Amino acid sequence: MTGTHTELLGAVAIGGGWLAIGVLGLLRSHSTGWVGRALFPFGSLLGIALAAVGIIALAHGVETLILPIGLPELPFHLRLDALSAVFLVLLGATAAGVSIFAAGYFRPGEGTAPGLLGLQYHVFLASMLFVVLADDALSFMMAWESMALSSYFLVTSQHRLPEIRKAGYLYLLIAHLGAAAIVLSFGVMQGGSWQFTFEALRAAQLTPAWASMVFFLALFGFGAKAGIVPLHVWLPEAHPAAPSPVSALMSGVMLEIAVYGLLRVNLDLLQVQVWWWGLVTLGLGLLTALYGVLFAAVQTDMKRLLAYSSIENIGIIFIGLGLTLIFRSFHMPAFAALALAATLYHCLNHAFAKSLLFLGTGSVLHATGERNLGRLGGLIHRMPWVAWLALVGTLAIAGIPPFNGFVSEWLLLQSFLFTPFIPREFVNMLLPLGASGLTLAAALAAYLMVKFYGIVFLGQPREAKLAQSHDCGRLERLGLLWLASACVLLGIFPAQTLALIGQVGEELLGATTAPPLWHGLLFAPISPERAAYSPALFLLGIAVFVGLTMLIVRIAYHGRIRRAAPWVCGGFPLTPRMQDTSEGFSQPIRQIFEPFFRMRRELPSPFDAAPHYRVQIEDRIWHWLYVPVVVSVQWIARAAGMIQRGRISTYLLYSFVTLLVLLIWVL
Amino acid sequence: MGAVTLTAVLAQAAATVMAVLVAPLLLGWVNQCRAWLQNRSGPGILRPYRQIRKLFHKDAVIASNASPLFRLVPYVEFASMALAAAIIPTLWTGLPFAIAADTIALVGLFAMARLFLALAAMDIGTAFGSIGARREMLIGFLAEPALLMVFFTTSLIARSTSLPTIADGFAHQPFALFPSLAFASVAFVMVLLAENTRIPVDNPATHLELTMIHEATVLEYSARHLALIDWSAALKLFNYVCIGLALFLPWGLAESPANPAGLLLAAPALVLKLAVAGAGLALIETLNAKMRLFRAPEFLATAFLLAMLGLLVRLLLGS
Amino acid sequence: MASLPLELINTCAALLLLLSFAMLSQRRVLTQVDLYAAQGLVLSVSIFITAWSTHQLHLYFSCGLTLLLKVLVLPLILRRLIHRLDANWETETLLNMPSVLLIGLLLVMFAFVLAQPISELATTLTHGTLGIALAVVMLAFLMMITRRKAVSQVVGFLAMENGLLFAAASTTYGMPMAVELGVGLDVLVGMIILGIFLFHIREQFESLDLSHLESLKED
């Protein structure tokens, strides 16, 4: 433990700074200029500072600090270790991009007053910061709850729309169920010592049965926040409801903070390990990934599509987490470190790429007023900045090399290749299924992203008004550019990133991945004979070949180009209605995976002059799980209503009978 | 993996250029064999070259609403296939550039090419373009897991995911039978047919737009752009055949170009293997009919299953 | 003993598994019969290799019997049956093909887990293949379950017996001669009885679709 607390103090100061910015916004709460143009850029700078603090902290050891606030018995304990530091970097760097975008994004006269929105936004950021730093259950839960509440207010910032109120209510409900489970899991974890600092929780001795209880409670609690199936239902409702910068933060950062909680509990606090925990996590992750990507592929609203895609990515993160737990429980720390690195890498990737895409949809929404994919199209001509930067995010989410999404998938597949060494028959057999499920999800993600990008940005504009749409402003561009370059850099320099992330494995598992080779150009986390991937060389190769081909074609032949009307196989007039709609594009998915969906279709008659095709797809889990729960709750409520008579004397009788029964029982 | 010397790099560059130049010949050979099997005299094996030359000489006509992405994609296609050719061992396994991408990254590279092609197809906003894009992606997401499982099987045997290392291990180890490789090879051939738009999944010679998969994505291209796309399709076929040869028939591969005796053996061996593989492809295409689009998932599910069985047999029998 | 026979037998085992899956996914009944014959051939080859490498005389006999019965006689009878019944196609399976194959894959894993403790007890060289033998039995069972047409079910029944024979050959170097003869005869007789059944079914319902049998149930 180091004597100085420089980094930790810095992080706390940044949290305080965010809170201060939020409060300052209230001074001129109705001025978009003051809150947006003046305060948000400061928040963005603080984000960059936080990322820097995180990176510095990764190089140093663990720091702890006790703040003299909170309960008299239990002051706030804070701690900054490698795991926290990685998530500080994630939070800071993403928040930097999102805040600077938000500075240009908020327009006057939309929903909540900008000052209030700014306060909620910065409280949200600061509470996520303190979740990551908390070192005792009380401060963790306080930060966690204020994160949930502030994000609830952000989701419902346009609370005049009934469906947004409904989405917010659902979000709040599931967030609180989750929080209750987390509190319970801390309660079980203390194991009779009634000490709630993480230090004490680490030292608690638990039997495997109680430890499994903790595991399941934590899985439920954090899983509800992260949106694993079947607790994902709030996510596609709440994320699209929020303003785009908030969706970006919720999808890009808050889901990862939930993953942080699970990592903290499973890898750090719980000392007992049971081997099937990993299998459960992995199975859930697989289910979530496939479910998320299939539903994402059939969405027609671009923000819902991205929300379901977030569910898929959380699934992939859970697959990595499950693999880490499996390797760890079989005492294979080196492989566990590899899987953990893949998990953390995917957290970072998803944070940057998904917030980039959410911000991109925000710009599109502002420029066109449309969220429905079926009314967009051809925006690459009108909004080149957004379109080209969103292409980076698209490729990253689709897992295309040399972008960052591919790196984590590569790492994850590499760690799957070590599962045959697990000394347990059944487990090492099931795992190829896991790997194939992962590849299927990744390949479907590519399908999905082609749909998203192709329909929004390519083709012809599907509505006449799209011709008036304009590109985003300077600050927004800056935000998008920041996140896109993070995607590119994480994609091209995985070895350097892994050298930093590897600290977490070092601290929690006592093992790390191999150091980078060749000045970091070659990425070989195990050994270069076993597996190597060099994105820099990859990119260089593509660039050189593209350049050479262009040059040779130009020199040897000519560069003449003639613009003409599209050929369309014989020149009948081309109308925008000829393009695939988003429903059309997902038709193969609906056909192949039909049993997964609950579909309602309206087919037009063949003689209809203006045919309209409608398909509505619903979540089966909603009908299987939630509707019965709602029905039974209503039934219980009605049953309880029977005793409500409305007469005072009846109520007094109830009280009296209760008193008598208690007295008799005491007797 | 070979040492990184200047000669090794130069030799690698030469091999890559050779692969790029030879690739249309393989396509010509497959088409010629197919013609012979169907009792036609055929256009001759140099036909793809003539086609490419003709296209290069023409003026490019581009739709007025095409974005810069549309013009960039043919070059990206060609570059990614050329990059793949630099990673796949054809004559020798000591490829210094192969560290850029292992088999998993190679799958990613093919995915990248496919994704860009699909995006370009959607760029003009025609009906056939978007149909082609979604079909191309459909085949892609079904074939990709199967291909990865094939690579997993071979990686488990060779304990490496680097393609030259795998091929090197298979080529120079004492003789052993691997039933798992038999499964993997059948799966690989099925993936090869699907990914290279061959019968029974797609018909490369069709002129009926509604049945097209790959062809529908490139309908709006002309002249040099079309030439590059055709050429990269030929190169893709060449790459896939060479991957198959390196994984399942690696005999005759030299270790490095520094050994002329090894090359003297490797070059005729490669020509022979390519000729046989091409004829085999033509035979498969002649014996089968193109299936309906929605039978393709079944076809590829079978490929995936075979690859999984290979993996299981490898895990369970250790062979 | 050299490892070559073991490798060959493993290859045969893998081929048997492959053929089982091919049968499972095949829609045409005649092709199924061909696949069944191929399975018999692979089986007899593997028994021959076992016999040759362990010098067990009775296995040669078993190999010959397999060859005669499963590659020649039974497929011949089946083919004739199919021609006479004019039942060469299976219109549809009960489940769609990819899900059937996926279930098959899970069954293979299950079979291996099941066979693990038993095959560790066996002393033979080829005990590792017991899992595959079990898987072949289960896949044949699955085929019988998922098909509608009676002829495919007969083929499934016969394929199941293949798996059993392979299990016996791989764990104990074959059953005693008398048992093997008996089983062979049983299969032959069973085949003939089933053939007669099929004719009766068709006479009764003018179809071989087994869903018609549901109408026999008393309400």
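Chains as they are written, first to last, in this note's numbering: chain A, 8 to 674; chain B, 76 to 394; chain C, 11 to 229.
Glycine included, each C-beta is placed from N, C-alpha and C at the ideal position.
Note that this is a predicted model, so its numbers are computed, not measured.
Residue range 13-32 is occupied by the alpha helix (DSSP H) that includes isoleucine 28 of chain A.
Approximately 6 Å separates the beta-carbon atoms of valine 139 of chain A and leucine 95 of chain A; this is inside 8 Å, confirming the contact. Under a 10 Å Cβ-count criterion, valine 399 of chain A is classified as buried, with 16 or more other Cβ atoms of the shown protein chains found around its own Cβ.
A Cβ-Cβ distance of about 24 Å is found for the pair leucine 213 of chain B and proline 573 of chain A, leaving them out of contact under the 8 Å criterion. Only residues of its own chain outside the window of five on either side were considered, and among them none has a CB closer than 6 Å to the CB of aspartate 626 of chain A. Between leucine 144 of chain B and isoleucine 120 of chain B the beta-carbon gap is near 35 Å, outside 8 Å, which marks them as no contact.
At the C-beta level, methionine 224 of chain B and glycine 327 of chain B stay beyond 9 Å of one another.
Using a C-beta cut-off of 8 Å, the stretch 115-124 of chain C makes no contact with the stretch 58-75 of chain C, since fewer than three inter-stretch Cβ pairs fall below that distance.
Assignment of asparagine 356 of chain A by DSSP, reduced to helix, strand and coil, places it in the helix class. At a Cβ-Cβ threshold of 9 Å, leucine 347 of chain A and valine 236 of chain A do not count as neighbours.
Close to alanine 405 of chain A, with beta-carbon spacing below 7 Å, are these residues of chain B in chain order: Leu190. Here alanine 225 of chain A is actually not in contact with leucine 293 of chain A; their C-beta atoms are around 19 Å apart, not less than 8 Å. CA-to-CA, the gap between glycine 29 of chain A and glycine 381 of chain A works out to about 38 Å. Judged by DSSP secondary structure, proline 82 of chain A falls outside any alpha helix (DSSP H) and instead within the beta strand (DSSP E) spanning 82-87. By the neighbour-count criterion, in which a residue is buried when 16 or more other Cβ atoms sit within 10 angstroms of its Cβ, phenylalanine 207 of chain C is exposed. At least 9 Å separates the beta-carbon of glutamate 270 of chain B from that of phenylalanine 191 of chain B.
Residue pairing by DSSP puts threonine 204 of chain A in a beta bridge opposite A/Asp143.
Relative to glycine 259 of chain A, the option among A/Ser164, A/Arg481, A/Pro247, A/Leu98 whose CA is nearest is A/Leu98. Contact between glycine 498 of chain A and valine 553 of chain A is ruled out by a C-beta separation of about 17 Å, above the 8 Å threshold. Per DSSP, arginine 567 of chain A lies in no beta strand (DSSP E) and is assigned neither H nor E. In chain order, Leu115 make up the part of chain C whose C-beta sits under 7 Å from the C-beta of methionine 383 of chain B. An exposed status is given to glutamate 170 of chain A, since fewer than 16 other beta-carbon atoms sit within 10 Å of its beta-carbon.
Straight-line measurement puts the Cα of proline 372 of chain B at about 27 Å from the Cα of leucine 465 of chain A.
With three or more CB-CB distances shorter than 8 Å, the stretch 317-334 of chain A counts as touching the stretch 345-360 of chain A. Each residue's CA atom was taken as its position, placing tyrosine 633 of chain A and proline 602 of chain A some 19 Å apart. For a cut-off of 8 Å, the C-beta gap from glutamate 219 of chain B to threonine 446 of chain A is around 6 Å, short enough to register as a contact. Glutamate 625 of chain A: member of the beta strand (DSSP E) spanning 621-625, first to last residue. Check the Cα spacing between serine 541 of chain A and each of B/Ala176, B/Leu320, B/Val151: the tightest is with B/Ala176. Bridge partners of tryptophan 167 of chain B according to DSSP: B/Ala329.
Flagged as an interface residue toward chain A: methionine 119 of chain C, by a C-beta distance shorter than 9 Å. Approximately 17 Å separates the beta-carbon atoms of alanine 550 of chain A and isoleucine 174 of chain B; this is outside 8 Å, ruling out the contact. At least one beta carbon of chain C lies nearer than 9 Å to the beta carbon of phenylalanine 433 of chain A. Residue state for valine 463 of chain A is assigned as helix, using DSSP reduced to three classes. Residue environment: serine 139 of chain B is assigned as exposed (fewer than 16 neighbouring CB atoms within 10 Å of its CB, all protein chains considered).
Below 8 Å, too few C-beta pairs join the stretch 461-475 of chain A and the stretch 413-433 of chain A to call them touching: fewer than three.
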